[in-house]
Amino acid sequence: VQLQASGGGLVQAGGSLRLSCAASGSIFHIWRMGWYRQAPGEQRTLVADITTGDTTNYADSVKGRFTISRDHTRNTVFLQMDSLKPEDTAVYYCHLDEFGIGPEYWGQGTLVTVSS
């Protein structure tokens, strides 16, 4: 299974970015897809995820600003990020959990930089 992420970049505070992640390969089932992020010197943490039934989950720090969505036909997940803040600066990693108990897969990471 491969996860190809795109959409990162540099944006000013208050701006928007949209991340995409497409899953390919021998995928039997997708229980959950989502995004984690890791800032320098910090642990990787969940940003948002969405289940096969379209149940969403967000970190408190992004609620009301970020929206996760999923195209089931293309095994693709999107993260619309609005009202970006400098503290959103991090490498964002796409994540896929096939059955809720693994196996799990990670994308290569895409850098989001928000300038003040």
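By my numbering, the letter at position 81 of the sequence shown is numbered 232, and the numbering carries on one by one without gaps. Where is the CB? At the ideal position from N, CA and C, for every residue including glycine.
query	result
Leaving out five residues before and five after D233 in sequence, what residues of the same chain have Cβ atoms less than 6 Å from its Cβ?	S167 and R216
According to DSSP, simplified to helix, strand and coil, what is V152?	coil
Between R188, H246, I219 and S177, which lies nearest to V263 when the distance is taken from Cα to Cα?	R188
Determine the DSSP secondary structure at D200, reduced to helix, strand or coil.	strand
Using DSSP with H/G/I as helix, E/B as strand and the rest coil, what is R225?	helix
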